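Numbering (the UniProt record's numbering), first residue to last: 1 to 228.
For reference, the structure is listed below as structure tokens.
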Ligand SMILES: [Fe+2]
């Protein structure tokens, strides 16, 4: 009886600590739609592989690299040369962390046409686009030309630049480099071959044109309004 009470008490004592445990791992985000819901613009097969294999690899890679970083840090006191290993690990953290972050943005800024995908933005974002680019079509053309210019793998981002009075900019990056600091991402568009090759093969320009049919401008407008 006493033992049972003691265990129960210990259990109760442990509960708050468990609840307060720090989050140390990232996981795949939930999707708001089924893999096939972006067809015919992006095939279900592409989305399934992209999410379950490619994005998962970045999740795993980021978790492994940050875990290794934390472990190595504890050895700094006894072996200062560990600093070099910590520096080397930063490339992995940047690559996989960028891959994890960029894909989270990407999934959320896509939507099936039945859920508003492709519907032009409204509100403050629409006004800002009109003011800076003249029309949404002009912004899309500019973004597509940046996407087409990527040699190898990379991304294009529509950002709100907080160091430039909240102006919109189209930023192109290579590999999994992401945008940080004052560049607040509104849209992230994946230009890696894994994002289109099964459906579009060498015609990546057709993929860049098609993706605007499933761009979730409501999400972009929300990010625009929230950026400060
Ligand atoms: Fe990707």
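We put the CB at the ideal spot given by N, CA and C, even for glycine.
These figures come from a predicted structure and were not determined experimentally.
Could you tell me if residue i is buried or exposed, where buried requires 16 or more neighbouring beta carbons within 10 angstroms of its beta carbon?
i: residue 111; result: buried
i: residue 138; result: exposed
i: residue 128; result: buried
i: residue 131; result: exposed
i: residue 31; result: exposed
i: residue 207; result: buried
i: residue 23; result: exposed
i: residue 185; result: buried
i: residue 219; result: buried
i: residue 176; result: buried
Quick check: does the Cβ of residue i come within less than 7 Å of any heavy atom belonging to ligand 1?
i: residue 30; result: no
i: residue 96; result: no
i: residue 41; result: no
i: residue 190; result: yes
i: residue 220; result: no
i: residue 195; result: yes
Would you give the residue range spanned by the beta strand (DSSP E) that residue i belongs to?
i: residue 190; result: 183-190
i: residue 169; result: 167-174
Given this structure, state the Cα-to-Cα distance separating residue i from residue j, to the nearest angstrom.
i: residue 227; j: residue 159; result: 10 Å
i: residue 189; j: residue 77; result: 43 Å
i: residue 124; j: residue 151; result: 34 Å
i: residue 29; j: residue 84; result: 33 Å
i: residue 236; j: residue 82; result: Residue coverage of the chain in this structure runs from 1 to 228, which leaves residue 236 outside it and unanswerable.
i: residue 95; j: residue 44; result: 26 Å
i: residue 209; j: residue 180; result: 26 Å
i: residue 235; j: residue 47; result: No answer is possible for residue 235: the residues shown for the chain start at 1 and end at 228.
i: residue 116; j: residue 223; result: 16 Å
i: residue 37; j: residue 200; result: 17 Å
i: residue 161; j: residue 171; result: 10 Å
By the DSSP assignment, the alpha helix (DSSP H) with residue i in it spans what residues?
i: residue 207; result: 204-210
i: residue 45; result: 44-49
i: residue 56; result: 56-73
i: residue 224; result: 217-226
i: residue 200; result: 197-200
Next on the checklist: In chain order, what are the residue ranges of uninterrupted alpha helix (DSSP H) at least 4 long that sit wholly in the stretch 102-159?
Outcome noted: 123-133 and 136-148
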